[in-house]
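Everything below concerns the one structure shown next.
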Amino acid sequence: MLDTRPLLMVSNFPAIKRRKLETLQVNLGYLCNLSCIHCHVNAGPKRTELMDRETVDQVLTFLKHHDIQTLDLTGGSPEMNPHFKYLVTEARQLGVDVIDRCNPTILVEPGYEDVAAFLAEYEVIVTASLPCYAEQNVDKQRGKGVYEESIRALKMLNDLGYGKPGSGLVLNLVYNPVGADLPPPQQALERDYKQILMEQHGIEFNELFVITNMPISRFGGMLLARGEYYDYMSKLKDSYQPANLKTVMCRTLISVDWQGYVYDCDFNQMLDMPIIATDKSRRHLSEVLEEDMSGQSISVADHCYGCTAGQGSSCGGALV
0 MLDTRPLLMV SNFPAIKRRK LETLQVNLGY LCNLSCIHCH VNAGPKRTEL MDRETVDQVL
60 TFLKHHDIQT LDLTGGSPEM NPHFKYLVTE ARQLGVDVID RCNPTILVEP GYEDVAAFLA
120 EYEVIVTASL PCYAEQNVDK QRGKGVYEES IRALKMLNDL GYGKPGSGLV LNLVYNPVGA
180 DLPPPQQALE RDYKQILMEQ HGIEFNELFV ITNMPISRFG GMLLARGEYY DYMSKLKDSY
240 QPANLKTVMC RTLISVDWQG YVYDCDFNQM LDMPIIATDK SRRHLSEVLE EDMSGQSISV
300 ADHCYGCTAG QGSSCGGALV
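First residue of the sequence shown? That's 0 in numbering that gives the first Met the number 0, and the numbers climb one at a time after it.
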């Protein structure tokens, strides 16, 4: 696979620093039942990297020690990690809000049929990827039949109360552009999603998050292969909005990989850009247990323009 990393490292992106740490985003592994073309993790069914129980326990220790508000679980498909339910259960008992970044098709995969009910029982916030409301676009990006399975899974979540007013069970959806374009305005697209999914499938959800495709990993390699990389980077840089620097997710978040190493965000993790340290080496979660990360400089490169272009982009959708 072609690699954009060497091109991204020479950058004039502005320096930024972290504020108070509020969210611990944990990648439980790269195993996934899908191989999507926009995936910045390069996840898939043949990946074997999975966080072990010892590292999961270190995550729980960090949550307690730093009084973290939110545990944001990602992958791959985080539910495919054998310690997923243990981590969720223990984190919820600590009073931590848990987000499951869910590829909804996993909920109808053989062997995972009980996951949806488990998520509801522990009031896990489900952030489910549905890159378009149109079947053709979803199947083009994620594989044939994925749209149909996603709709079936979202209906299952609705039946459990997810996305329903007053239920307390939050279901958010995620949109990614199909190709090398910026996402459309989030509020207008959310209205379209809600209208069409209700009319065609009777599906309800809380919010839509639009996320810019990052020029790294699988998507970055595709841009290089198609000769679209430089045009896409120009588009991101030309759309840069300085105001977005105030609310980019790395200000209040750190990312942990499946081995327990710490990064400023999930994208930096995929580029092997560790949190800034005097010796330039990776730092493990166990090494920063006693450390106050407020005020630390954040590692930046040209892919950061993806978070600050136009309306901005984060794991919680548009920034403005």
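Positions of the beta carbon are idealized from the N, C-alpha and C atoms, including for glycine.
With a floor of 3 residues, list each beta strand (DSSP E) that falls wholly inside the stretch 152-240, ordered by position along the chain. Listed in chain order, the complete beta strand (DSSP E) runs (minimum 3 residues) inside the stretch 152-240 are 170-174 and 206-209.
Touch check for the stretch 202-217 and the stretch 170-186: three-plus C-beta pairs under 8 Å? Result yes; three or more Cβ-Cβ pairs closer than 8 Å.
Who are P273's beta bridge partners in DSSP? Beta-bridge annotation (DSSP): P273 is paired with Y262.
Among the residues of its own chain, which have a CB less than 7 Å from the CB of L106, if the five just before and after it don't count? Cβ neighbours of L106 beyond the five flanking positions: V114, A115, A152 and M155.
Hey, quick one: how far does the beta strand (DSSP E) through D96 stretch, first residue to last? DSSP places D96 inside the beta strand (DSSP E), whose first and last residues are D96 to C101.
Can you tell me the Cα-Cα spacing of P44 and Y29, whole angstroms? Using only the alpha carbons, I get a separation of about 9 Å.
Among H65, K84, Y85 and L72, which one has its Cα closest to the Cα of R100? That would be L72, whose Cα lies nearest to the Cα of R100.
How is H283 classed by DSSP in three states: helix, strand or coil? H283 falls in the strand class under three-state DSSP.
Where DSSP assigns a beta bridge to V25, which residues make up the other side? DSSP lists L72 and V255 as partners of V25.
Excluding the 5 residues flanking V123 on each side, which residues of the same chain have their C-beta closer than 7 Å to its C-beta? Cβ within range, chain order: V87, V97 and D99.
To the nearest angstrom, report how far apart S10 and E112 are at their CA atoms. Here the alpha carbon of S10 sits roughly 45 Å from the alpha carbon of E112.
Flag D113 as yes if its beta-carbon sits less than 8 Å from any beta-carbon of chain B, otherwise no. Absence of chain B from the displayed structure is noted, only one protein chain being present.
For the candidate residues L59, E120, E148 and S285, whose alpha-carbon lies nearest to that of P109? Check the Cα spacing between P109 and each of L59, E120, E148 and S285: the tightest is with E148.
Can you tell me the Cβ-Cβ gap for L288 and H64, rounded? I've got them flagged as a contact below 8 Å. Under the criterion of beta carbons closer than 8 Å, L288 and H64 qualify as touching, at roughly 6 Å.
Going by alpha carbons, who is nearest to I15 out of T104, V137 and C249? Nearest C-alpha to I15 among T104, V137 and C249: C249.
With a threshold of 16 other CB atoms inside 10 Å of the CB of K193, please say whether the residue is buried or exposed. By the neighbour-count definition (other C-beta atoms within 10 Å, threshold 16), K193 is a buried residue.
Please state if the CB of T307 and the CB of Y228 are separated by a distance shorter than 8 Å. No, Cβ-Cβ distance for Y228 and T307 is not below 8 Å.
For K45, the three-state DSSP class (helix, strand or coil): In this structure, K45 counts as coil in the three-state DSSP scheme.
Output the distance between the C-alpha atoms of V145 and R281, rounded to the nearest integer angstrom. Whole-angstrom Cα-Cα distance: 37 Å.
Sub-8 Å separation of T54 and Q258 beta-carbons: Going by C-beta atoms, T54 is nearer than 8 Å to Q258.
DSSP-derived helix/strand/coil call for K143: K143: coil per DSSP, three-state reduction.
Measuring only the C-alpha atoms, how far is L304 from Q92? In the sequence as presented, Leu is not what sits at residue 304; that position holds Tyr. About 38 Å.
Assign E78 to one of two classes, buried (16 or more other C-beta atoms within 10 Å of its C-beta) or exposed (fewer than that). Buried: at least 16 other Cβ atoms inside 10 Å.
Spatially closest choice to V255 from Q68, Q135, D291 and V58, by CA coordinates: Out of Q68, Q135, D291 and V58, V58 has the C-alpha closest to the C-alpha of V255.
For M50, count the other beta carbons within 10 Å of its own beta carbon; 16 or more makes it buried, fewer makes it exposed. Which is it? Using a 10 angstroms sphere on the CB of M50, the tally of other CB atoms reaches 16 or more, which defines it as buried.
Closest residue to L6 among K245, G315 and I215 (Cα-Cα distance): Taking only the C-alpha atoms, the option nearest L6 is I215.
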